[in-house]
Amino acid sequence: MSRLQIGAVCLFLALLSIAATRYGGYPAINDYHDIEVYFQRGSWVTTGQEPYRDVFSEYPQVATWLFAVPHVAAEAWFRLNGTRQYDLQTYRYVFSVLMALFLAATLVMLHDLRPDRKWLAFLLLLPAGWYFTHNRFDIVPAFLVLSSLAALRRNRYHGAFILLAIATATKWYALVLVPVFLVYTFHTRRRILFSAAVSYPLVLAVIVLPTLLAIGWEGFLIPYRFHLTRTGNPESLFHLLLVTLTRLGLFQPEPLLRKVFF
């Protein structure tokens with residue numbers, strides 16, 4: 008895409024998000040629940056509190072920091088206009104525009120990765136993809152994972168592992184790609200396998216270090232302990248599979264297995 012086309016995509020998606028936030032109904036266009044959670048999880052940045060210890064968050068570090076960005080932007084905007092307070096609706100506007108920009112970046116990357124099938128990138132704009140981008144933060148780890156795969160495709164091994172580490176610290180599912188990256192690097196550039204692979208845990212260590220220094224292991228483990236005490240995630244594929252197999256009498260997982268996977 009040319010710079011003009013990229014700018015047009017960014018502007019269109021940003022304006023669409025603003026219009027949807029302003030005029031869209033609930034829940035057909037705006038699903039407020041998760042953004043309200045993000046608003047609460049990111050509030051530490053404007054109150055001088057510590058995330059996890061003072062302001063609970065069930066998300067990893069990069070996601071928890073990400074939720075603070077709309078707070079900072081909204082507060083800066085209101086101070087420029089002579090006021091010091093902003094509300095949840097302002098946060099929604101900033102958040103939705105930020106996610107729209109990540110969607111635009113993801114679309115452009117997909118468009119350039121597959122020059123033979125450029126049209127595939129625009130499938131992201133189908134209602135379901137746009138809806139979850141508008142109301143969730145999942146486009147951010149998706150963008151980071153795609154960036155890491157693009158780097159690996161271009162044989163930028165160190166960058167690929169670094170981006171994958173950042174993606175993992177945004178949403179943990181990116182961890183499942185580590186074996187894929189290791190095997191690919193082993194077969195294509197075995198000589199640098201160790202140095203590339205070690206960048207993954209090193210970057211993760213750098214990301215979690217501020218949390219460990221600020222609130223120690225007890226604070227660091229808060230999101231992990233939270234998820235291990237959850238009884239289930241009804242919308243997850245694993246949960247639906249568990250319910251089906253249990254009702255058929257085919258499977259009864261151990262308590263720890265249930266907590267980790269269901």
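The numbering of the sequence shown is our numbering, which starts it at 8 and goes up by one. In this text, a Cβ means the ideal position worked out from N, Cα and C, and glycines have one as well.
With a CB to CB cut of under 7 Å and the five nearest residues on each side skipped, what residues in its chain are close to residue i?
{"i": "L20", "result": "A107, L110, A111"}
{"i": "S50", "result": "V62, H78"}
{"i": "G31", "result": "N37"}
{"i": "A80", "result": "V101"}
{"i": "A203", "result": "Y164, H165, F168, T192"}
{"i": "L120", "result": "A157"}
{"i": "F74", "result": "Y45, R48, G49"}
{"i": "Y33", "result": "Y39"}
{"i": "T5", "result": "Since the displayed the chain opens at 8 and closes at 269, residue 5 lies outside it and no answer follows."}
{"i": "E82", "result": "T53, Y93"}
Does the beta-carbon of residue i have 16 or more other beta-carbons within 10 angstroms, so that it is buried, or is it exposed?
{"i": "R254", "result": "exposed"}
{"i": "A181", "result": "buried"}
{"i": "N88", "result": "exposed"}
{"i": "A35", "result": "exposed"}
{"i": "V213", "result": "exposed"}
{"i": "N240", "result": "exposed"}
{"i": "H234", "result": "exposed"}
{"i": "H194", "result": "exposed"}
{"i": "P58", "result": "buried"}
{"i": "W224", "result": "exposed"}
{"i": "P230", "result": "buried"}
{"i": "A15", "result": "exposed"}
Assuming residue i and residue j form a contact by the criterion Cβ under 8 Å, report the distance between their Cβ atoms to the nearest whole angstrom.
{"i": "V215", "j": "Q56", "result": "That belief does not hold up - the Cβ atoms of V215 and Q56 are roughly 18 Å apart, past 8 Å."}
{"i": "T218", "j": "F227", "result": "5 Å"}
{"i": "T177", "j": "L156", "result": "Actually they do not touch by this definition, with Cβ atoms about 15 Å apart."}
{"i": "A70", "j": "F144", "result": "7 Å"}
{"i": "I25", "j": "V104", "result": "6 Å"}
{"i": "R10", "j": "I222", "result": "Contact flag wrong, Cβ pair sits at about 43 Å."}
Is residue i helix, strand or coil by DSSP?
{"i": "P77", "result": "helix"}
{"i": "I241", "result": "This sequence places Pro at residue 241; Ile is not what is there. In the structure shown, P241 sits in coil (DSSP, three-state: anything other than H, G, I, E or B)."}
{"i": "P58", "result": "strand"}
{"i": "N88", "result": "coil"}
{"i": "A112", "result": "helix"}
{"i": "P34", "result": "coil"}
{"i": "L257", "result": "coil"}
Looking only at its chain, what residues have a beta carbon closer than 8 Å to the beta carbon of residue i, apart from the 5 residues adjacent to it on each side?
{"i": "L130", "result": "G136"}
Leaving aside the five residues before and after residue i along the sequence, list all residues of the same chain whose C-beta is less than 6 Å from its C-beta, in chain order.
{"i": "T140", "result": "M106, L110, I146"}
{"i": "R163", "result": "none"}
{"i": "I13", "result": "V115"}
{"i": "F269", "result": "Bear in mind that the predicted position of F269 carries a pLDDT of just 48, short of 50, making it unreliable; the figure below should be weighed with that in mind. Hits under 6 Å: G239, F245, H246, L249."}
Segment contact flag, the stretch 60-73 with the stretch 120-136, C-beta cutoff 8 Å, min 3 pairs: no
Given 8 Å as the limit, is there contact between the stretch 162-175 and the stretch 201-215, that is, 3 or more CB pairs closer than that? yes
Any 3 or more C-beta pairs closer than 8 Å across the stretch 188-195 and the stretch 154-169: yes
Does the pairing of the stretch 95-104 with the stretch 35-54 give three or more beta-carbon distances under 8 Å? yes
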